[in-house]
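Numbering-wise, our numbering comes out as the position in the sequence shown, counting from 1, plus 8. Glycine included, every Cβ here is placed at the ideal spot set by N, Cα and C. Computed from a predicted model, the values in this text were never measured in an experiment.
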Amino acid sequence: MTTPSSPTSAWRPGMSGGDTLPSGPTGPPAAPGRDGHGPEHGPPTVTIGSYPDYPSAQRVVDHLADNRFPVEHSAIIGTNLALVETVLGRLTTGRAALAGAGTGAWFGLFIGLLFGIFTTGNWLAVILVGLVVGAIWGAVFGAVAHAMTGGRRDFTSASSLRAGQYAVTVEAQFAEQARQLLNSMHTMSPPTSR
9 MTTPSSPTSA
19 WRPGMSGGDT
29 LPSGPTGPPA
39 APGRDGHGPE
49 HGPPTVTIGS
59 YPDYPSAQRV
69 VDHLADNRFP
79 VEHSAIIGTN
89 LALVETVLGR
99 LTTGRAALAG
109 AGTGAWFGLF
119 IGLLFGIFTT
129 GNWLAVILVG
139 LVVGAIWGAV
149 FGAVAHAMTG
159 GRRDFTSASS
169 LRAGQYAVTV
179 EAQFAEQARQ
189 LLNSMHTMSP
199 PTSR
């Protein structure tokens, strides 16, 4: 049988020694909430609607706001999250160099503007030199960085986080008022297109 002081036993709520636990990166440890998923934050909430996309949930909260509902007591919660990486195209050394040149040109323009402000000579030449030098170095770094991957990532992509469903929640004390406003929203006639 293990005792609370043995290194193999885990601390549980109500166990002695809870006051001596070290503070973690988010502060002192807390006992799990009633649902066992961590400490409770704020007052209890009620889900007043669940929607397949974000614009639908946003329309509901907007309707509540338009009708003077205290929307600071509401939240839109996305569930069933998925990370979607959309492949935009093939990445070659030339394209990597071109993308690097664009980034370098912006940085060079910024540096040229800073130096151009304090120059007594031809400030336009200083800005153009910064732009050109930035583009050249950006192209070199872009090409070298792509070449160093050894062909392991020869495509460009954009990542986005998407939810499968969006729930609109309100604090329990405002749930009845929110439901009444939501019912009035559903009884209103849909807007006609012009």
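{"Item": "What is the DSSP secondary structure of Asn130, reduced to helix, strand or coil?", "Value": "coil"}
{"Item": "Would you kindly work out how many angstroms separate the C-alpha atoms of Ala151 and Ala143, rounded to a whole number?", "Value": "12 Å"}
{"Item": "Among Gly138, Ala180 and Gly172, whose alpha-carbon lies nearest the alpha-carbon of Gly116?", "Value": "Gly138"}
{"Item": "So, Gln173 versus Thr55, is the Cβ gap smaller than 8 Å?", "Value": "no"}
{"Item": "What does the Cβ neighbour count give for Ile125, buried or exposed, with the cut at 16 atoms within 10 Å?", "Value": "exposed"}
{"Item": "Over what stretch of residues does the beta strand (DSSP E) that includes Gln173 continue unbroken?", "Value": "Phe163 to Glu179"}
{"Item": "Rounding to the nearest angstrom, what Cα-Cα distance links Ser165 and Val92 in this structure?", "Value": "10 Å"}
{"Item": "So what's Asn191 in DSSP terms, helix, strand or just coil?", "Value": "helix"}
{"Item": "Does DSSP classify Leu99 as helix, strand or coil?", "Value": "coil"}
{"Item": "Excluding the 5 residues preceding and the 5 following Trp114 in the sequence, name in chain order all residues of the same chain whose CB lies nearer than 8 Å to its CB.", "Value": "Gly142"}
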